[in-house]
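Structure first, commentary second.
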Amino acid sequence: MATLRFGQHMIKASAVFLRTELSFALVNRKPVVPGHVLVCPLRPVERFRDLQPNELADLFSTTQRVANAVEKHFNASSLTIAIQDGPEAGQTVKHVHVHVLPRRVGDFERNDSIYDELQKHDKEGEDVPSKWRSEEEMAKEATELRGLFNEPLQDTKGHQEEDPIK
Ligand code: AMW
1 MATLRFGQHM IKASAVFLRT ELSFALVNRK PVVPGHVLVC PLRPVERFRD LQPNELADLF
61 STTQRVANAV EKHFNASSLT IAIQDGPEAG QTVKHVHVHV LPRRVGDFER NDSIYDELQK
121 HDKEGEDVPS KWRSEEEMAK EATELRGLFN EPLQDTKGHQ EEDPIK
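Everything in the sequence shown is counted per the working numbering, starting at 1 for the first residue and increasing by one.
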């Protein structure tokens, strides 16, 4: 697997920790909380309404698996699962993505502040390279998360690759 498209971004294989027939999951360069990851359809469509039924089913079953895994891995006890669908809803990357955010007691003084953070964390002025995590840090987290899923990565046709992680 080389790179995967995420809207205007090209995501290195080292940041991807799960790939299914129609979806993939990646670590976040600017997580709002520890374990804040993203799940996307492989087909780079902009809006939720653009997904075909099989893509929708795969995206949501993958989100459920990912959410369950990161909640445990990051010692959380709840989850915020969110889609910002369109610019007025805060979407900056024009490729459908589900935010999965592990939640813990007391992580925000006001619980719903997480939505304010989600809205502003990657906006102008906030989303500067100096605030991004390093590729090494992201690759390390993706490697840990990959280990939670008991299967090799797949190519887009659902065939297993001989050496999936390059
Ligand atoms: W949106 O505001 O479009 O709902 O969320 C975009 C998300 O994608 C943000 O959490 C942002 O930090 C993340 N992001 C953007 N570009 C990349 C990238 N190249 N690698 C990892 N995460 C990214």
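Built from N, CA and C at the ideal position, the CB exists for glycine as well. From a predicted model like this one, the values you see are computed outputs, not experimental measurements.
The three-state secondary structure of residue 114, taken from DSSP, is helix.
Counting along the chain, the unbroken beta strand (DSSP E) around residue 41 starts and ends at 37-41.
For the set 108, 112, 147, 150, the Cα lying nearest the Cα of residue 34 is the one of 108.
Contact annotation, residue 103 with residue 77: C-beta distance approximately 7 angstroms; criterion of less than 8 angstroms satisfied. The DSSP-derived three-state label of residue 49 is helix. Taking C-alpha positions only, residue 133 is separated from residue 30 by approximately 6 angstroms. Looking at the DSSP output, residue 103 bridges to 78. Assigned with DSSP and collapsed to three states, residue 24 falls in strand.
For residue 92, no alpha helix (DSSP H) encloses it, and the DSSP letter there is neither H nor E. DSSP places residue 9 in the strand class (E or B) of the three-state scheme. The Cβ atoms of residue 24 and residue 51 lie no closer than 8 angstroms to each other.
Between residue 145 and the set 111, 68, 125, 83, the nearest pair of CA atoms involves 68. Residue environment: residue 58 is assigned as buried (16 or more neighbouring CB atoms within 10 Å of its CB, all protein chains considered). Where residue 18 is concerned, the enclosing beta strand (DSSP E) starts and stops at 16-19. Taken through DSSP and simplified to helix, strand or coil, residue 33 comes out as coil.
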